Structure formats: structure tokens, C-alpha cells
Amino acid sequence: MITVPKIEMHLAHACTLRCTGCAHYADHGLPGVLPLQDGAAWLTGWGARIRPVTFSFLGGEPLLNRRVPDFLRLARGLWPRARLRLVSNGLLLHRKPELWDVLGETGTTLTVSVHSRDDAYLARLRPNLELARARAAEIGFRLEERDSVEGWYKLYRGSGAAMEPFTDGDPRASWTACTTRHCVTLQDNALWKCPPLAHLPLVASRHGLGDRPSWQPYLRYRPLPLTATADEIRAFFARGPESFCGMCPARHTHFTKSVTGAPAPF
Ligand code: SF4
Ligand code: SF4
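For the sequence shown, position 165 (counting from the first letter as 1) is numbered 182 according to the working numbering, and the numbering increases by one without interruption.
The structure is reproduced here in C-alpha cells:
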């Protein structure tokens, strides 16, 4: 069993928000939630190989997946000492009364990300945050409120079928500046370097980017399969910048995102 720092996994590609430039491409209207049967097979397989210090379920919006309690119990059973985290935008919390006790039972941290200062958005979120604070105090699970407004940037240029990778030509600088460089992602029963690479095949399929020469170097990325040796797993987690990081910006242009998917200002 190999101890690794951090793994994350989508329970849904879809989301209830469309934050411009989402690093998980949830603003592209990707469909679907992860079936429990598939996710359980991935988790069980990797649970026999690695022991993550932190494991996060997220998306998209993970609460679109009605099997969240099953996923939390399964992960806790596999990794009794892991810091287990559920990352949600919070907008569906009022519809999930069954969630609170499971968070307590599994010792899961609920991280609610806050995406805008917009009044109408905050009016929707506020009651759910108050509900989460009350349940956390009552049941004893840990609640984090994460500001996801400041420092927001896009990892590609353009949008939709016109999206293009960056061409700054300095993958090391892109990796050094990257805020998701430690977010190894479990997807399709394999470990991927980060969310933008893990979910690129899906977004490429949605927009027909598969034949676009500019995306070819990045669509050739191959994740680490479950059949990897222990040395290969250790080497995977020790990788720093790779050529694939060239698709991301070497310098970030921060902007105020729209949570409803309006185009970014570049
Ligand atoms: S809430 Fe926004 S940032 Fe989070 S997954 Fe959905 S679209 Fe992406
Ligand atoms: S490809 Fe590299 S720079 Fe881009 S998001 Fe992944 S780790 Fe970060």
C-alpha cells in the first residue's frame, strides 16, 4: 500500500452553475453522473493499491449524484484515516436531508465553494450555508467555506468549439503557476495528472476537438492504469512539470467570472 498525498474524483460532470472557465469544464454542459457500480469498482481497485492522505469527491456538482452517501461510506471503509472531503457549491444542500448524518458518520469535511459576490446568487446560497452551519454544529462534521471568486483564471483560450490551448511555450512556468497541479484525478479507473487533462477527452468529444491539430499533443496524454507497478505509482506522484502543461497559461489573467456561463473577457 502506497501513501499518496491527494486524490479527487467527479461524482457528476454536470453542475448547477456554469462558472466561466471552470477547470473541470462544468461550464460546457457536460452531462452525466457517475454510476455507483462504476465508481465503486474504481475505488475498490485503487483502494487496494494506494492510501490517500486526502480524498475529495467533487464535480461538477457532486450532489447531483443521489448515491453520495454510498460513495462516502465506501471511501471511508477503504481509507479509515484519510481526510475525506465533499466539495459542493451548496445550492442543492436543502434537498439532501439524508446527507448530514452521513457526513458525521463518515467524518467527512463538507467544503462549500462560494463563486460570486452577486446579490441574486448570494440570496440563493445564504439559506443553505446557514443550514450547513447549523447541522455542522449539531452533528459535529467539519464545514469549510471556500472563496472561489478571487484569483480566478482560465486554463484555455476561447470557448466552446472555438476553445484552444495556450501557446506560451513554457510548461514549467505553467505548472509552477497552476492551482490544480496537485489535484490527481481518478477517472475511468485510472489516475490523471489533473482535472483539465482528465476531463479533456469529454470536452473534446462534446465540441468535436478530436481532429484539431492544436489539441493533439494534449489528447495523447495517457493516465496511470490500475496495472501500474508500485514504482510507477511512486514516480507518477513525483512528476512535476510535463510537456502537457504547455496547454495552460504561463501567466494568469484574473477576471471576475460569471456563474451562469457568460464568455470570459478574452
Ligand atoms: S460550481 Fe462552478 S467551478 Fe464548481 S464545478 Fe460548477 S461550474 Fe465548476
Ligand atoms: S496540465 Fe499541468 S499546468 Fe495544466 S492544469 Fe494540469 S498540472 Fe496544471
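C-beta atoms are modelled at their ideal positions from N, C-alpha and C, and glycine is treated no differently. Owing to the predicted nature of the structure, the values given are computational and were not obtained by experimental measurement.
Is G157 buried or exposed, if buried means 16 or more other CB atoms sit within 10 Å of its CB?
-> Exposure of G157 is indicated by the presence of fewer than 16 other C-beta atoms within 10 angstroms of its C-beta.
Residue from A92, T273 and E259 with nearest C-alpha to T193 = E259
When DSSP labels each residue in this structure, what does W96 get in the three-state scheme?
-> Coil.
Do you know offhand how far D248's Cα is from E155's?
-> 45 angstroms
Compare the beta carbon distance of C200 and P182 with 7 angstroms and say whether it is the shorter of the two.
-> no
Measure the Cβ-Cβ separation of T125 and L89 and say whether it is below 7 angstroms.
-> yes
Among residues of its own chain, excluding the 5 on either side of P48, which ones have a beta-carbon nearer than 8 angstroms to its beta-carbon?
-> Correct list, in chain order: H30 and A31.
With a floor of 4 residues, list each alpha helix (DSSP H) that falls wholly inside the region 48 to 94, ordered by position along the chain.
-> 53 to 64
Taking the alpha-carbon positions, what's the G186 to G263 distance?
-> 6 angstroms
Work out the CA separation of S130 and P188 for me, nearest whole Å.
-> P188 and S130 have their C-alpha atoms some 28 angstroms from each other.
Look at F74 and A99 and say whether their C-beta atoms are less than 7 angstroms apart.
-> Contact flag unset, no.
Do you know offhand how far I19's Cα is from A137's?
-> 46 angstroms
What are the boundary residues of the alpha helix (DSSP H) that includes V220?
-> L217 to H224 is the extent of the alpha helix (DSSP H) around V220.
Go ahead and pull the three-state DSSP assignment for H27.
-> strand
Drop a sphere of 10 angstroms on the beta-carbon of Q204, count the other beta-carbons inside from all chains shown, and report buried for 16 or more, exposed for fewer.
-> buried
Specify the secondary structure class of P188 as computed by DSSP and reduced to three states.
-> helix
Could you please give me the residues that DSSP links to L160 through a beta bridge?
-> Residue pairing from DSSP places L160 in a beta bridge opposite L127.
Length-filtered (4 minimum) alpha helix (DSSP H) runs lying within the region 132 to 182 | 136 to 156, all fully within the region 132 to 182.
CA nearest to the CA of E287, picked from T270, P242 and T33 | The requested residue 287 is not part of the displayed model; the chain covers only 18 to 283.
Work out the CA separation of L243 and G257 for me, nearest whole Å.
-> Answer to the nearest angstrom: the Cα atoms are 21 angstroms apart.
Euclidean distance between Cα positions of W209 and L217 | 11 angstroms
Consult DSSP for T277 and reduce its assignment to one of helix, strand or coil.
-> strand
Consult DSSP for V298 and reduce its assignment to one of helix, strand or coil.
-> Summary: the structure shown does not reach residue 298, with the chain confined to residues 18 through 283, and so no result is reported for it.
Please confirm whether any heavy atom of ligand 1 lies closer than 6 angstroms to the CB of H27.
-> no
So what does V119 bridge to, in DSSP terms?
-> DSSP lists no partner for V119.
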